[in-house]
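Read through the structure below, which is laid out as C-alpha cells, and then see the notes.
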Amino acid sequence: MIRELKYYCLPHALVEDQKINKITGDLYLTEIGEIEVSSGSIWNSEITTNANLLAYCTKGSGIVQIGKEQTPVSGEQFFIIPKKEAFKFYSVLDVDSRFLLAAFDGKKAQQLGKEFALVRNLIPSVNNMVANREMLFDEIFNNLSKGFHDENMEYVNLCFGHLLATFIYANRTAEDIEEESSPAVRRAINYLGKNLHKKLTLNKLSEEVGYSPTYLSTLFRKETNYSPISYFSHLKILKACEFLDYTNMKVKEISFNLGYTDPYYFTKDFKKKMGMSPRQYRNRVPEGRKKYSV
65 MIRELKYYCL PHALVEDQKI NKITGDLYLT EIGEIEVSSG SIWNSEITTN ANLLAYCTKG
125 SGIVQIGKEQ TPVSGEQFFI IPKKEAFKFY SVLDVDSRFL LAAFDGKKAQ QLGKEFALVR
185 NLIPSVNNMV ANREMLFDEI FNNLSKGFHD ENMEYVNLCF GHLLATFIYA NRTAEDIEEE
245 SSPAVRRAIN YLGKNLHKKL TLNKLSEEVG YSPTYLSTLF RKETNYSPIS YFSHLKILKA
305 CEFLDYTNMK VKEISFNLGY TDPYYFTKDF KKKMGMSPRQ YRNRVPEGRK KYSV
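Each residue of the sequence shown is one higher than the last, beginning at 65 in my numbering.
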C-alpha cells in the first residue's frame, strides 16, 4: 500500500504558466510530496512518468527497477527517474520505506538527463551547508501552503533548483557521495531478477558474476544485508505479491512460475516472509491493491 503523507500536485494551468515564465521555464516543479511504501508492497509507476522524478529514500530499503536494471536502495540514497521511463520499487518485507519526491521538467532538466537513472548514496556532513535536504523540502512544502501566486512559485522553483543541485552535484559541493553500488552486486541482482522462474545455487550465481562464492557472498551481504540466496528468495516473494495484486493467476500457477516445485513449500515460504498466506494477501483490504503512479 502507498500512503501519501503530504503531497502537492500542481494544477495543469499553473504548470503551463511556469513553462513560459522567464524565471521558472528552465526548471519547474509539477509535483512534490512524501510517501510511505508499506513493507512488502510495490510502488509501480504503472506507465512511464510524465516528468522527471527525484526520489530520496529517508527510511527503509528495497529494490528499484529502472528499465531492465535492478539496484538496491536504502536510507540516505536517491535516484532520478528520467521522463518517459517506467520504474518499480519493491519495499523490503520487514519495514516500511519512506520517500521524499519531486517531479520536475524544463529545459535544464533535459540537459541534466545524463545524471539521471543512477542510485547514489548520500552521507550527511555537519560541515555541509546543503546536507540537510529535508529542510529544503520543508521550505518548499511550507511555501506551497501559502498559495500559488507568481512570486511564491518563482521562489519555490528557485529553491527546488538549489535542492536538485545538492543531489546531482553532491560530489562537487560536499564530497558526500559514497562509492556507487558494486557492479558485481548489480550484475548478481540483475541476473537473479531475470531468473525468478529458476532454482539457482550460489555456485551458479558466482559463475555468472565471475567471483568466488565466498567473495561474492561477503560483497553481497555488505551491500544488501542479505546472502545472495536469501535475497533471491525475497525477490521471488516480492514477485509473488505482484502476481497476487495484479493478475488472476492461481497460487499453484504462481508457485510454478517462480521455480517452486511444491506449492505447499511456496505457501509456507510466503507466510514466513509476509505473515499471511498468499490467499490472505490477495484478499486483504482493497486499498492495499491499488496501483500508484506519479
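Don't be surprised by glycine CBs; every beta carbon is placed ideally from N, CA and C.
Exercise for review: Please list the segments of the beta strand (DSSP E) lying wholly inside the stretch 103-176, counting only runs of 3 or more residues, in order along the chain.
Suggested key: 106-108, 116-123, 125-130, 133-138, 141-145, 151-155, 161-169
Point to revise | Which of helix, strand or coil DSSP assigns to leucine 74 | key: coil
Practice item. Tell me whether the beta-carbon of asparagine 116 lies closer than 7 Å to the beta-carbon of lysine 148. Key: no
Review point. From the beta carbon of tyrosine 310, is the nearest beta carbon of chain D less than 7 Å away?
Key: As a matter of chain content, chain D is missing from the structure shown, which is built from one protein chain.
Check your understanding: By Cβ distance below 8 Å, which residues in the same chain neighbour valine 273 in space, the five residues on each side in sequence not counted?
Key -> Ala248, Arg251, Ala252, Tyr255, Leu280
Point to revise | Own chain, CB closer than 6 Å to arginine 67, minus 5 neighbours either side, in chain order | key: Glu100
Review point. Rounded to a whole number of angstroms, what is the C-alpha to C-alpha distance between leucine 69 and arginine 285?
Key: 32 Å
**Study point:** 4 or more residues per run - each alpha helix (DSSP H) lying fully within the stretch 76-100
**Key:** 76-84
Point to revise | Beta-bridge partners of arginine 197, as assigned by DSSP | key: In the DSSP output, where bridge partners are listed per residue, arginine 197 has none listed.
Point to revise | glycine 170, buried or exposed, once every other Cβ within 10 Å from all chains shown has been counted against 16 | key: buried
Exercise for review: Can you check DSSP and say which residues form a bridge with arginine 67?
Suggested key: Glu100
**Study point:** Buried or exposed by the 16-neighbour rule on C-beta atoms within 10 Å, applied to alanine 77
**Key:** exposed
Review point. Cα separation between tyrosine 72 and methionine 65?
Key: 19 Å
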